Amino acid sequence: MNYLSSLILLAVLLVSCKPNKSSDTAQLDEKPLKLKEALADKFLIGTALNIRQISGYNPEELEVVRQNFNSIVAENCMKSERLVPNQGEYDFSIADKFVAFGEENNMVIHGHTLIWHSQTPKWFFKDSLDQEINRDELISRMKNHINTVVSRYKGKIKTWDVVNEAVLDDGTLRKSKFYDLLGEDFIKMAFEFAHEADPDAELYYNDYSTSLPEKREGIVRMVKQLQEQGVPIHGVGMQGHVGMDYPELEEFEKTITAFSDLGLKVSVTEFDITVLPSPWDNQGAEVSANFEYKEKMNPYPNKLPDSVSTAFNKRCLDFFKLFLKHEDKIDKVTLWGVNDGNSWRNNWPIGGRKDYPLLFDRDNKPKSVVDSIIAIAKK
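Under UniProt numbering, the first residue of the sequence shown is numbered 1, with each subsequent residue one higher.
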């Protein structure tokens, strides 16, 4: 063998001895998918931000948001009680930070909420003498508030909850102050005012317990009336405050279909799953309800038992399977909080309890169901 042939043989041997990456090794080198990546071609996946997070006090929680979510909603800072506690004195400082965070991270920003019977400042319905205002004055205040807020974020906030929780569980309209002074027209007006302020924004009606047949029918009836009047309404938000045994998935699915059949976008909003016992039969999310603390109603003060954790993961995955089944109808799914520790479920309807209702635990670690959701989304 000559010298040149020896060099060629040596080169071949070196190449053949070089370790090849197996498919398993290649998979290990691949960056694991996050929720927003796995669901990217299905629907938006969002979460609610609280005031402390928006103010920068919990950077580790914001990192969870950046990595896993592509849509955000403000839990409280955009409600009228927070924005304008005193007549004519708007404070947009926190709301501006919230919107800036969404823009900086290329997220879809959802506005919550313009008109709601709860968390509305008392002055909204009173004159300078503390007397109830008349119909014309309330219309003027509604229009001014909606225009002030929506116009400020025109082109930045893409979707709005215009009216929140106006229908009772029996399907009739809630007799709120708005209803008392304006009748059912307050809903129509709110949507028209919002559309005038930003014609390009998508406008939603949002409510809880929409799986109850009577309530579902009441919302469908209300929306059809709005559509017949030419009112600009583009979607319905189904609040997902659910439990381990309510509602039935079949009823939740019926509501997705019923709202989609109206020609509207459907969003699953405020999604969380309580593992705690309920002190009453009502399955809703009426924030004014509260009950006295009793130890038996706080069964997991230190840790969630493995059996309950397994049941939670199954329940959550069942819902996401349903969402994926109807991905052609659902625009976004939004969790009501980033981790278990900052969920409102810990204090409602009984203060001082410890609940475990979200996808990330108190240490900001994803629960095992997150990997399961990613796996079924990839199929």
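Cβ coordinates follow ideal geometry from the N, Cα and C atoms, glycine included. Computed from a predicted structure; not experimentally measured.
In this structure, how does DSSP classify residue i when only helix, strand and coil are distinguished?
i    : result
V73  : strand
E103 : helix
W123 : helix
I157 : coil
Q227 : helix
Q239 : strand
V220 : helix
A26  : Confidence is the limiting factor: at A26 the pLDDT is only 42, short of 50, which leaves the residue's position unreliable and the question unanswerable from this model.
Go to residue i, then tell me how far its beta strand (DSSP E) extends in each direction, as first and last residue.
i    : result
A48  : L44 to L49
N346 : Looking at the DSSP string, N346 is not in any beta strand (DSSP E), and its letter there is neither H nor E.
Y205 : E202 to D207
H110 : V108 to W116
Between residue i and residue j, is the Cβ-Cβ spacing less than 9 angstroms?
i    : j    : result
A197 : I146 : yes
E270 : Y205 : no
E217 : G171 : yes
F320 : I373 : yes
H110 : T159 : yes
V99  : I45  : no
N164 : N106 : no
V167 : V338 : no
W123 : K79  : no
F43  : I233 : no
L304 : Y356 : yes
V108 : K265 : no
A48  : A74  : yes
A190 : L138 : no
I256 : M222 : no
S343 : L358 : yes
For the alpha helix (DSSP H) that residue i lies in, which residues bound it at each end?
i           : result
G337        : Neither: G337 is in no alpha helix (DSSP H) and is coded neither H nor E.
S140        : R135 to R152
S176        : Neither: S176 is in no alpha helix (DSSP H) and is coded neither H nor E.
N68         : P59 to N68
I187        : D185 to A197
S55         : Unbroken run through S55: none, as it is neither H nor E.
L39         : That residue, L39, is in no alpha helix (DSSP H); it is neither H nor E in DSSP.
residue 380 : Not covered by the structure: residue 380. The range shown for the chain is 1 to 379.
With DSSP as the reference, identify every bridge partner of residue i, one or two as the case may be.
i    : result
F360 : P366
V167 : L173
E132 : K126
E89  : N86
Could you tell me whether any non-hydrogen atom of the ligand GDP is closer than 8 angstroms to the CB of residue i?
i    : result
Q119 : Summarising the ligand content, the structure contains no ligands, and the ligand GDP is consequently not present.
Checklist line | Runs of alpha helix (DSSP H) lying entirely within the stretch 249-334, each at least 4 residues, in chain order | finding: 249-260 and 306-325
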